[in-house]
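Input: a single structure, listed below in structure tokens.
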Amino acid sequence: MHDDVDFTTLPSGITPLGDDIFAIDTLMAGYPGITSSYLLRTERPCVVEVGTAGSAAVLRNALQALGVGPRDLATVVVTHIHLDHAGGVGDIAAMFPEAEIVVHERGARHLADPSRLMRSARMVWGDRLDVLFGDLRPTDAARIRSVAETGEVDLGGGRRLVGHYTPGHAKHHMGLVDSATGDLYVGDALGVYNPATGDVRPATPPPDFDLEAALASLRLFDGFGAQRLMFSHFGAVETVGETLAAAEEELRVWVEAVRGARADSPDLDHAVAMVREQVRNRYAPAPDTLSESAEVMEVLSGVHGNVSGIAHWLDRVAADQREAAGADGAGQDSGRG
Numbered sequence: 001m002h003d004d005v006d007f008t009t010l011p012s013g014i015t016p017l018g019d020d021i022f023a024i025d026t027l028m029a030g031y032p033g034i035t036s037s038y039l040l041r042t043e044r045p046c047v048v049e050v051g052t053a054g055s056a057a058v059l060r061n062a063l064q065a066l067g068v069g070p071r072d073l074a075t076v077v078v079t080h081i082h083l084d085h086a087g088g089v090g091d092i093a094a095m096f097p098e099a100e101i102v103v104h105e106r107g108a109r110h111l112a113d114p115s116r117l118m119r120s121a122r123m124v125w126g127d128r129l130d131v132l133f134g135d136l137r138p139t140d141a142a143r144i145r146s147v148a149e150t151g152e153v154d155l156g157g158g159r160r161l162v163g164h165y166t167p168g169h170a171k172h173h174m175g176l177v178d179s180a181t182g183d184l185y186v187g188d189a190l191g192v193y194n195p196a197t198g199d200v201r202p203a204t205p206p207p208d209f210d211l212e213a214a215l216a217s218l219r220l221f222d223g224f225g226a227q228r229l230m231f232s233h234f235g236a237v238e239t240v241g242e243t244l245a246a247a248e249e250e251l252r253v254w255v256e257a258v259r260g261a262r263a264d265s266p267d268l269d270h271a272v273a274m275v276r277e278q279v280r281n282r283y284a285p286a287p288d289t290l291s292e293s294a295e296v297m298e299v300l301s302g303v304h305g306n307v308s309g310i311a312h313w314l315d316r317v318a319a320d321q322r323e324a325a326g327a328d329g330a331g332q333d334s335g336r337g
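So, in structure tokens, the structure goes:
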């Protein structure tokens, strides 16, 4: 690793955050302000989040500008395997052959063999997949380390990155705490933060969204006493308590809005229209300079996707309730002999 880097003349898209941490805008689909990667430039350099396959070259060039060469990177960690976070893992693994790849155990097999994940993604995104994400390429299974409820990444010098299982957004999601700084890498557990407006809005995609799990993950985060929240979408946030509270409020508002809309009609398009009307004034519009980026974020985590995920969860809850009621009824009948 080169130590003679002039951090005062870094390329645009790289933001020094102190404590040997750098935020890197990975320019998803060529647009700024959508996906953040983070370099912890410690004794054992570590990258958190890699962005899409289309962003791999952007990330490699940023790391090179920060003095991290192909043989220097020790670890790559992804909070979960959605393609806007982990789509470039296979490419980055090839570019940095010494790096260990760390992921939650429920996502590890998809990094080794992405075929099923990519088929599903192609069904959802169609031709937009190539423009937005590109192809997740396989990573040698021997280089992948999976973690369960908790796991640690050695950053050198006694500094650690500690992973904590945090489902709700996805079943393969984890948050990460820097032992030296208290920085908390939140993935998508809190949703999407807009640094231009200060708004945070939920990310509740199908098929994994689960309100109770999401709220439990937020409570876990709240107990860490974090110094900053490091959003994958987008950037570092110092108003930790306020942002955690806002994330919980937005989750509850959206779920109740979908619940209310479905009480009127089970039609998904009706729910999307009703929820869009109810929530559109909760968030400030993006500045004109970021309008195209905002459109991409709307595709990634907009009203349609969020409503679909919440509706899917509500259907699961209703099915579980019916099953439980049926089991109770059967039990009562069997006791009537």
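The sequence shown begins at 1 in UniProt numbering and counts up by one.
Where is the CB? At the ideal position from N, CA and C, for every residue including glycine.
State the CB to CB distance for the pair residue 111 and residue 101, rounded to an integer number of angstroms; the pair is presumed to be in contact (CB under 8 Å).
7 Å
Taking Cβ positions, are residue 191 and residue 133 nearer each other than 9 Å?
no
If you draw a straight line from the alpha carbon of residue 150 to that of residue 163, how long is it in whole angstroms?
Approximately 5 Å, taken between the alpha carbons.
Please confirm whether residue 309 and residue 178 have their CB atoms less than 9 Å apart.
no
Extract the residue ranges of the alpha helix (DSSP H) inside the segment 200-230, only unbroken runs of 4 or more that lie entirely within it.
Listed in chain order, they are 211-222.
Check each candidate in 245, 266, 196 and 242 and name the one with the smallest Cα separation from residue 34.
The candidate whose alpha carbon is nearest that of residue 34 is 196.
Where do the N-terminal and C-terminal ends of the beta strand (DSSP E) with residue 100 fall, by residue?
100-104
Run through the DSSP bridge pairs and tell me what residue 14 is partnered with.
24
Can you name the residues that DSSP bridges to residue 73?
DSSP output for residue 73 lists no bridge partner at all.
In terms of residue numbering, what span does the beta strand (DSSP E) encompassing residue 36 cover?
Taken as a continuous stretch (DSSP letters only), the beta strand (DSSP E) holding residue 36 covers 36-40.
Say whether the segment 200-220 touches the segment 163-175, bearing in mind that this needs 3 or more beta-carbon pairs closer than 8 Å, one atom from each stretch.
yes
Would residue 30 be called buried (16 or more neighbouring beta carbons within 10 Å of its own) or exposed?
Counting Cβ neighbours within 10 Å, residue 30 comes out exposed, since fewer than 16 surround it.
What separation, rounded to the nearest whole angstrom, lies between the Cα atoms of residue 294 and residue 198?
14 Å
Along the chain, where does the beta strand (DSSP E) containing residue 144 start, and where does it finish?
144-147
Hey, out of 21, 77, 131 and 313, whose CA is closest to residue 53's CA?
131
Distance, Cα to Cα, residue 121 vs residue 212?
Whole-angstrom Cα-Cα distance: 26 Å.
In the DSSP output, which residue or residues are listed as bridge partners for residue 152?
162
Is the CB-CB distance between residue 234 and residue 25 below 9 Å?
yes
What does the Cβ neighbour count give for residue 3, buried or exposed, with the cut at 16 atoms within 10 Å?
exposed
Using the rule of at least 16 other Cβ atoms within 10 Å of the residue's Cβ for burial, across every protein chain shown, is residue 38 buried or exposed?
buried
Let's test the definition: count the other Cβ atoms within 10 Å of the Cβ of residue 219 and tell me whether it reaches 16, buried, or not, exposed.
exposed
Where residue 139 and residue 145 are concerned, what is the direct C-alpha to C-alpha distance, given to the nearest angstrom?
Going by the C-alpha atoms only, they are around 11 Å apart.
May I have the straight-line CA-CA distance separating residue 9 from residue 94, to the nearest angstrom?
28 Å
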